[in-house]
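Student: Residue 1 is where the sequence shown starts when you use full-length UniProt numbering, and the numbers rise one by one after that. Beta carbons are placed, not taken as given, at the ideal position from N, Cα and C, and that holds for glycine. No experiment lies behind these values; they were computed from the predicted model shown.
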Amino acid sequence: MTDDRTAQTLRSIAPYLADWASFQAAYHGMPGLQLAVGRRGEVFVDLAWGTANLETGEALTSDHLFRVASHSKTFTTVLVMQLVERGELRLDDAVGALVPELGDATAAGITVRELLGHQAGIIRDSSDGDFWQYERPFLDREQVLECVRTEGVVFEPNEHFKYTNIGYSLLGIIIERVTGKTYDEVARAAVVEPLGLTRTGTELDPARADEYAAGHTGRISHDDARRVIPHVDTRAMAAATGWYSTALEMVRYGATHMLGDTTLLTDKSKRLVQREESTVAVRGKELGRYGVGIELGKVGDRELVGHSGGYPGHITRTWIDPVDGLVVSALTNAVDGIATQIANGVIQIVNLALAAADEVAAAAAGGNPLPAVPADAPVGRFANLWGVFDVADLGGILHTINPRHPQPAEVAQRLVVSDGRLAQESVAGFGAVGEPVQAERDGAGAVVAARFGAMTAWPVEEYRTRVLSQ
1 MTDDRTAQTL RSIAPYLADW ASFQAAYHGM PGLQLAVGRR GEVFVDLAWG
51 TANLETGEAL TSDHLFRVAS HSKTFTTVLV MQLVERGELR LDDAVGALVP
101 ELGDATAAGI TVRELLGHQA GIIRDSSDGD FWQYERPFLD REQVLECVRT
151 EGVVFEPNEH FKYTNIGYSL LGIIIERVTG KTYDEVARAA VVEPLGLTRT
201 GTELDPARAD EYAAGHTGRI SHDDARRVIP HVDTRAMAAA TGWYSTALEM
251 VRYGATHMLG DTTLLTDKSK RLVQREESTV AVRGKELGRY GVGIELGKVG
301 DRELVGHSGG YPGHITRTWI DPVDGLVVSA LTNAVDGIAT QIANGVIQIV
351 NLALAAADEV AAAAAGGNPL PAVPADAPVG RFANLWGVFD VADLGGILHT
401 INPRHPQPAE VAQRLVVSDG RLAQESVAGF GAVGEPVQAE RDGAGAVVAA
451 RFGAMTAWPV EEYRTRVLSQ
């Protein structure tokens, strides 16, 4: 697919991406959602939906700051790799030589690379990680070092992938020892300022307290009331979990992980970071994949890098296609946030649309163009007693999608023009495949009802009116 056609397709589906994501957030009871979608310098979606603070009723905006938590690890990885590129640090350096306070502790022999790839066997959050639910403060520098010295090693290096916030906190201390500067000073000079980020930083900024979206508790039962969770300083654990940002600025930062963009790192460094270091599997089931300081994933055939983040009250996810340049960032402000589900679903819709656009272009180039989407096609959201579904033009082909489903690619069906009439695609299926679509219109030509097979459906607001009036 040409870049022009990709950009044109993304522009055309941007309103539906925002609409689908908003529906997902509302359906799952999220307080608020920020979503940004960009590619190669162009932003297609910059969505702020819902509420920043349920107690005050403040509306969420694109400028509200979110704690992006473990996204911090990717920033820390960039800082480490910049030091490696300058020859100030080596990936095979033993941490004991860099942090003499570790003395002869078992962890002193662990290497920088093993810390970056979560292969050091270091304890995840110390033996008392209740700072994650505010029963105690996050650890300071001396507490991190004491943890590493006395209880740090759980596995032998490279025995198992073992995710560790303590290990990344130690990387923050290493950055400070190598540079002679604070972690925040290094990060600002190396990442924040070069990218012109004004709503991104390493740690809670009290001077900007009013700019943060509030965090909210999760729900045990569907009707549980949420309460606001205050923000706190993560102290010496900032390198693992302290950063804040917005979806839009995460897209800007995420773009620098694309191959060919050397703003922060060389392609040589990015290939090393993005190469698979660990397949995380238990009893034959794959749980995920990780590189050297960045998470690896796949949506459809699209290989991705990025990270998720979990902070008390905020759940976040950013995915980056380092080859194509697509970046999707979803930020939610509740402990049970569905950020990954939304980001993955958005990418599935993008993949559907780009595949359809390729199919349309190939048919035209082969001299057998597909019928165009009818100008009066019943596009929109419809509902009846049995549920809700969308009709959307994705890449020049109409698709129906159940917006309640977390994986739109699994439930998408096509509508095609057959013998001059709009019909459901003639394929095998349990639904009304091959059957015509019939639309009822008012005097102005607006669709007031439609029959997609056997049952009538109505535009959502019309259906609500019908139900409420009965």
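1) Quick check on Pro-403: buried or exposed, where buried means 16 or more other Cβ atoms within 10 Å of its Cβ?
2) Helix, strand or coil: which one does DSSP assign to Thr-400?
3) Put Leu-116 into one of helix, strand or coil per three-state DSSP.
4) Using CA atoms only, rank isn't needed, just tell me which of Val-460, Leu-10 and Val-437 is closest to Ala-450.
5) Residue range of the alpha helix (DSSP H) that Ser-269 falls in?
6) Does the beta-carbon distance from Ser-126 to Ala-240 come in below 8 Å?
7) Spatial neighbours of Gly-138 within its chain, please: C-beta separation below 6 Å, excluding the five flanking residues on both sides.
8) Could you pull the DSSP bridge partners for Phe-452 from this structure?
9) Determine, using beta-carbon pairs with one atom in the region 148 to 168 and one in the region 182 to 201, whether at least three such pairs fall under 8 Å.
10) Does the region 315 to 331 touch the region 251 to 262, meaning 3 or more C-beta pairs lie closer than 8 Å?
11) Assuming Ala-83 is part of the alpha helix (DSSP H), what are its boundary residues?
12) Rounded to whole angstroms, what's the CA-CA distance from Ala-281 to Thr-465? Just pull it up for me.
13) Can you name the residues that DSSP bridges to Asn-53?
14) Per DSSP, which one or two residues make a beta bridge with Ala-330?
15) Among Trp-319, Ile-175, Met-81 and Thr-56, whose alpha-carbon lies nearest the alpha-carbon of Lys-270?
16) According to DSSP, is Val-346 helix, strand or coil?
17) Between the Cα of Phe-66 and the Cα atoms of Trp-458, Thr-164, Tyr-244 and Asp-301, which residue gives the shortest distance?
18) Can you name the residues that DSSP bridges to Ser-418?
19) Measuring CB atoms only, is the region 4 to 21 touching the region 35 to 42, in the sense that at least three cross pairs come out at less than 8 Å?
20) Tell me the DSSP secondary structure of Phe-66 in three-state form.
21) Please return the same chain residues whose Cβ sits closer than 6 Å to the Cβ of Ala-48, not counting the five positions on each side in sequence.
22) Could you please give the first and the last residue of the uninterrupted beta strand (DSSP E) stretch that includes Leu-304?
23) Where does the unbroken beta strand (DSSP E) through Ala-108 begin, and where does it stop?
24) Helix, strand or coil: which one does DSSP assign to Ile-174?
Tutor: Put simply:
1) Position 403 of the sequence shown, counting from 1, holds the residue named residue 403. Classification for Pro-403: buried.
2) Working through the sequence shown from its first residue, we reach residue 400 at position 400. Three-state result, Thr-400: strand.
3) Residue mapping note: residue 116 aligns to position 116 of the sequence shown, counting from 1. Collapsing the DSSP output to three states places Leu-116 in a helix.
4) Mapped onto the sequence shown, residue 450 falls at position 450. The alpha carbon of Ala-450 has as its nearest neighbour, out of Val-460, Leu-10 and Val-437, the alpha carbon of Val-437.
5) As a working note, residue 269 is residue 269 in the sequence shown. Looking at the DSSP string, the run of the alpha helix (DSSP H) that includes Ser-269 is 267 to 274.
6) Against the sequence shown, residue 126 aligns to sequence position 126. Against the sequence shown, residue 240 aligns to sequence position 240. Against a cut-off of 8 Å, the Cβ pair of Ala-240 and Ser-126 comes out as no contact.
7) Translated into the one-based positions of the sequence shown, residue 138 becomes position 138. One point to set straight first is that residue 138 is Phe, not Gly, in the sequence displayed. Correct list, in chain order: Phe-131, Thr-234, Arg-235 and Met-237.
8) Residue 452 sits at position 452 when you count from the first residue of the sequence shown. In the DSSP output, where bridge partners are listed per residue, Phe-452 has Val-437.
9) Cβ pair count under 8 Å is below three, so no.
10) These segments touch.
11) Walking along the sequence shown from the start, residue 83 turns up at place 83. Before going further, note that residue 83 is Leu rather than Ala in the sequence given. In the DSSP assignment, Leu-83 falls within the alpha helix (DSSP H) that extends over 72 to 85.
12) Reading the sequence shown from its first residue, position 281 is the one you call residue 281. Reading the sequence shown from its first residue, position 465 is the one you call residue 465. For Ala-281 and Thr-465, the distance between alpha carbons rounds to 50 Å.
13) In the sequence shown, counting from the first residue as 1, residue 53 sits at position 53. Residue pairing by DSSP places Asn-53 opposite Glu-58 in a beta bridge.
14) For the purposes of this step, residue 330 is taken as the residue at position 330 of the sequence shown. In the DSSP secondary-structure assignment, Ala-330 is bridged to Leu-35 and Arg-317.
15) Here residue 270 refers to the residue found at position 270 when the sequence shown is read from its first residue. The residue among Trp-319, Ile-175, Met-81 and Thr-56 with its C-alpha nearest the C-alpha of Lys-270 is Met-81.
16) What you label residue 346 is simply residue 346 of the sequence shown in a count that begins at 1. Correct three-state label for Val-346: helix.
17) In the sequence shown, the residue the question calls residue 66 occupies position 66. It is Tyr-244.
18) Position 418 of the sequence shown, counting from 1, holds the residue named residue 418. Paired residues: Arg-421.
19) Segments in contact, yes.
20) Here residue 66 is taken as the residue at index 66 of the sequence shown, counted from 1. Of the three classes helix, strand and coil, the one that applies to Phe-66 here is strand, per DSSP.
21) On the sequence shown, residue 48 is found 48 positions in, with the first residue counted as 1. Contacts found: Gln-34, Leu-60, Thr-61 and Ser-62.
22) In the sequence shown, counting from the first residue as 1, residue 304 sits at position 304. Its beta strand (DSSP E) spans residues 302 to 311.
23) Reading the sequence shown from its first residue, position 108 is the one you call residue 108. Going by DSSP, Ala-108 is part of no beta strand (DSSP E) at all; its letter is neither H nor E.
24) Along the sequence shown, read from residue 1 onward, the residue named residue 174 stands at position 174. In the structure shown, Ile-174 sits in a helix (DSSP, three-state: H, G or I).
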